[in-house]
Every structure is written in structure tokens, then in C-alpha cells.
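Worksheet: one structure, shown below.
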Amino acid sequence: MQNALLIGLSRQMTLERQMDVIANNVANANTNGFKADHSLFEEYLNSNAREDNFVGADRRVSYVQDRGTFRDVGQGPMEATNNPLDMAIDGNAYFAVQANGGERYTRDGKFSLNSTGQFVTSDGNLVLGTGGPITFQPTDHDINIAPDGTITVLEGTAKTDSIRGKIRMASFDDPARLTKLGANLYAAGSATQQADARSSVRQGYIEKSNVNAVGEMSRMVEVMRSYTAIANLLQQQSDLHKSAIEKLADVPA
Amino acid sequence: MQALHTAATGMAAQELNVQVISNNIANLRTTGFKKQTAAFQDLIYEHVRRVGAQASDQGTILPVGVDIGGGVKTVGTPRSMTQGTLSQTGNDLDLAMSGEGFFKILMPDGTYQYTRDGTFQMDNQGRVVTAQGNPVQPTITIPNNASGISVSEQGQVSVTLPGSSTSSIIGQIGVTRFINKAGLQPVGSNQFTETPSSGPPQDGTANSEGFGKITQGSLEQANVDVVSEMSDLIAAQRAYEMNAKVISAADQMMQSTTALFR
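Just so you know, the sequences run in chain order A and B. Using my numbering, you'd call the opening residue of the first sequence number 945 and step up by one each time. Using my numbering, you'd call the opening residue of the second sequence number -3 and step up by one each time.
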């Protein structure tokens, strides 16, 4: 008798979490390099107690459970900024940065220099090249970053380029296994790095968030309507109980 | 409901974004102004089910986890130090810097400030000063009977004195650069001060060793691009509205629950 209530409740709890995921996507609609998350659901079969004395055997009850959130790793739109230190990756790779707690990965290419000329993220974490952190000399100018990540500069009055390092593009066998840490950073977790020859760096561009506004809004309406529909269902179920109790109580003894 | 708080962080972030954009637009005609952009980051995630966790006795590993994010935060408003376009004024003491470097200004309290605004004038002692009356460094005093002020690309100031047919050099406008010029702190009046993040000032000569060159009779315009600011403004406004919609949707969901079993 209570199954409808419990099934409804299990669905409402997953819908609430899906709403949280949508809210986070929408809140990060202007976050550089942000990748949207989406919810996955699965049927959860309850192995309830068997009662063999009844004529018909018990049927198993299906609940809903959120199995996971999967990340849309699709490319975000590129915005031209004309800032020579802004970078975007075209492809599946990530920038490697040295953060508190070890090596982390990001798609947010809003980089700058710190007071010692080291290449850093907005948080001050060092951006890693193939040979470690990248440092510029005070007299460097005309910074140029090639699609393969090689950074060249003109030093002082020199007319020929000097190489300052090469941006490391970290690529993973299964990017879904990267864990979001916040602050636009990912931890490698159980994912392993692999070679990637297809990703390239775009200088003077920033990768924007890949949140699809229309998709999020329509999903939001869907979630809201399903949630209220279940609330109605629960209400009707409750009314049914109420009227059954009232009617049965009215039966003269 | 987490969604309410998440959307609130989104609204706050977009509000700040609009503030930054409106300041850029307000300074559209400010000489030597450098635009800012707001940079955002996601907040920490609640890992409801952790990816890579063991899902069954058979050793099945979860291919995806349930990660719920808490919204967005502003990490900074970095300044874009790209070159502004030069516009000609024909004024002898209007100087524009093209390339790396700032003009160095001596403040009344003895400290230095740095600017890209080369709208200079002469004060009652003949010194070259900013619009606020603070002298450009090193101090250059123009004799009151001099004519034909000329500033070279290297910043050399020469004048023609009465009774002389050739011009003579009377001083040198200094230029200063910082390794991280985006780390300078704006103090208003188109001026910046040094911070621990900008690195120490490096004085030098214009048009040499990577320093920019000085153009006399021109001013550097703000590097604000109106069209991109307007499109950013629309994007910020729409993002704000979307977050507001999330709040009302979450509210409606909660309402349907509280309305149950009256």
C-alpha cells in the first residue's frame, strides 16, 4: 500500500539532485573552461521479503536511483581576447598545473605572470610545461605560443626568438574519470595519461563554458514538472487512503 | 534545497560581471584605460558517489560518480593590458606609449605611480606634469622662452631656445615596466601603483630593449571594444535571468512539497 509513496519519494530525491546539477551548470554559464554535468538514472530493484502464503507471489518493486553524473567533455566556444597570455586547447587535452596537493588539470586558459615572471593560473598555481614551470625574463616581449605549445619570445634587443618552454597538454584515456575539484581544476584519479597528437593550443583565445542554456532550461522545466506531478500523485494516494479509512469506518457494524 | 543556494551564487557572480562591464563602458573614452574581465571558477563538489569506487562484491568499478557542484565564485578581475589605439591630438605635450611600459609620476607624498595616460601639461614652473599637476619622472623643466618642444620616440625632450637655430636636449621622459603589469593596482585617476604581485619596477629607455616607443602629439585610447562589451553584457544579463529562473523553479518544487497533505 505504501509502495507508491516510497517510489514517488525515491524519484523526488533524484529529481532534487538533478535540479542541483542543473543549477550548478547554470551558475557556471560564464566560467572559463567549465564542462557541464548531466545526471544518469537507473532502476533500482528492491529485493523485498518474500511471502509465500499469499496466492500470488510478491512482485519486485522498482525504485529510481541516480547512478551518476556524466560530464559533457565537448569543446566550449572559443572567445578571442587578443591577450597574448590567454590560451585555449582545441581538442581533448588539459593544461597541467602545479596546485596545492599535486599536479592538477584545467581547461581554463586565463593565465598571467606572477612577480617573478612565472607562468601562472588566476589562482597563482604554476602552469607546467614539458620541462616543469615556465619562467619569463623581465626583458622578454612579443610572446608567441605555437599550436604545439612551444613558447617563444624576443629577448631584449634580440631579433631572433628564444624558446621559453613548451606547454604540456595532458590527455587521458578516460576523461570521465577525472574528478572535479572546484576552482576549475580536475584531479587525475584513476585515469591514466596517454599520448595525444590531435590537441593544439590557441593563443589569444579563452575557452568559454560549454553549458547549453536552452538545454538546461528545458531540462529544468522537465524536472520541475515531474517533481510537482509526483507531489500530486502522493497527494492523490493520500486522499485515497483517507477516503478508504473514512468509508470503511462508516460501515455499520 | 542546494539548487537555491547554487543559483544564488550564480546571480551574485553575474551581478559582479555586469559591474565590471559597466565600468569598462563608463571608461570608454578614458585615455590609457585598460579594460577588466571578471574570471569565475566552480566551487567544490560534493561527491555523493565517488567515481572509481567499488560498486559490487564482484569488484565492479563505478564508471561515473555523482558529483554535485555548489555553484560559482569570482576568482579575480584581471586587467587586459593590450594596446589601445592612438588618436592624434596635435598637442606637443600629449604623449602616447605604443608597446610595453608606463610613464612614471612622482606623487606629493614622495611615492611613484605609473600611468599610460600621456595627457601632460606645463605647470607654473615650466615642469611637465600630469592633469593632476604631479611631475613626470625624471622631472623635465621647460624654459619659459623656449619654443618648438619635440619629444623623440626614445623620450628625449628637445626645445629651441631664442637666439639659437638648433634645438637642444633638455631632458628624457622615463619609462618603467613590470614583469606582471596585470598585477598593478589601479588607484583611480588613470594611475597604478606597484604591488607584490606586479614585481619591482624596471626603469629604462623607450624604444629599446623591448620598451614601447613614445609618439608625440597622440594619446592612447582605452582598449575597450564596445561591441564585445555589449555582447558580454547581454550574456551576463541572460545568465542572471537563467539563475533567477532556477531559483523560481526550485521554489516551485519546494512549494509543491509543502502544499502536500493539507
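Glycine residues also receive a C-beta, built at the ideal position from the N, C-alpha and C atoms.
Pull out every residue of the region 72 to 106 of chain B whose Cβ sits closer than 7 Å to any Cβ of chain A, in chain order.
So the list reads G72, P74, S76, T78, E96, given in the order they occur along the chain.
Under three-state DSSP, which class holds B:E190?
Reduced to three states, the DSSP call for B:E190 is coil.
Can you give me the C-alpha to C-alpha distance between A:T1101 and B:F99, rounded to a whole angstrom?
Cα to Cα, A:T1101 sits roughly 21 Å from B:F99.
Would you kindly report the start and end of the unbroken alpha helix (DSSP H) that includes B:S224?
Unbroken alpha helix (DSSP H) run through B:S224: 222 to 254.
Going by the CB atoms, is the gap between B:L180 and B:Y110 shorter than 8 Å?
Contact: yes.
Can you tell me which of the three DSSP states A:Q1009 falls into?
Strand at A:Q1009.
Whose Cβ in chain C lies nearer than 8 Å to the Cβ of A:H1085?
Annotation note: the requested chain C is absent from the structure, which comprises protein chains A and B.
Pick from A:D1140, A:Q1019, A:T1123: whose alpha carbon is nearest that of A:S1134?
Per the Cα distances, A:T1123.
At which residues does the beta strand (DSSP E) containing A:I966 begin and terminate?
A:I966 -> not in any beta strand (DSSP E); alpha helix (DSSP H) instead, spanning 947 to 971.
Can we count B:A245 as close to the ligand MN, meaning its CB is less than 7 Å from some heavy atom?
With respect to the ligand MN, the structure offers nothing, as it holds no ligand at all.
So, for B:N19: in the same chain, excluding its five sequence neighbours on each side, which residues have a beta-carbon less than 8 Å away from its beta-carbon?
Excluding sequence neighbours, B:N19 sits near Q32.
Taking 8 Å as the CB-CB limit, is B:A202 close to chain A?
B:A202 does not count as touching chain A.
Is it buried or exposed, B:E96, if we count other Cβ atoms within 10 angstroms and call 16 or more buried?
Counting Cβ neighbours within 10 Å, B:E96 comes out buried, since at least 16 surround it.
Tell me A:H982's beta-bridge partners as DSSP assigns them.
DSSP output for A:H982 lists A:F1014 as bridge partner(s).
Closest to B:E218 by CA distance: which of B:A34, B:H43, B:L82 is it?
The amino acid occupying residue 218 of chain B in the given sequence is Ala; Glu does not appear at that position. Answer by Cα proximity: B:L82.
What residue does the beta strand (DSSP E) around A:N1176 start on, and which one ends it?
Unbroken run through A:N1176 is the alpha helix (DSSP H), 1157 to 1194; no beta strand (DSSP E).
Can a CB atom of chain B be found closer than 8 Å to the CB of A:V970?
Interface residue, yes.
Tell me whether B:S18 sits in a helix, a strand or coil according to DSSP, three-state version.
B:S18 falls in the helix class under three-state DSSP.
Count the other C-beta atoms from every protein chain shown that fall within 10 angstroms of the C-beta of A:N1088, then say buried if there are 16 or more, exposed otherwise.
A:N1088 comes out exposed.
Three or more C-beta pairs under 8 Å: does that hold for the region 1 to 10 of chain B against the region 55 to 70 of chain B?
The region 1 to 10 of chain B is in contact with the region 55 to 70 of chain B.
Classify A:Q962: buried if its beta carbon has 16 or more other beta carbons within 10 angstroms, exposed otherwise.
Label assigned to A:Q962: buried.
Name the chain B residues that come within less than 8 Å of A:T1013, Cβ to Cβ?
Neighbours of A:T1013 on chain B, chain order: V60, G61, V62, D63, I64.
Give me whichever residues DSSP pairs with A:N1088 in a beta bridge.
Answer is A:T1096, bridged to A:N1088.
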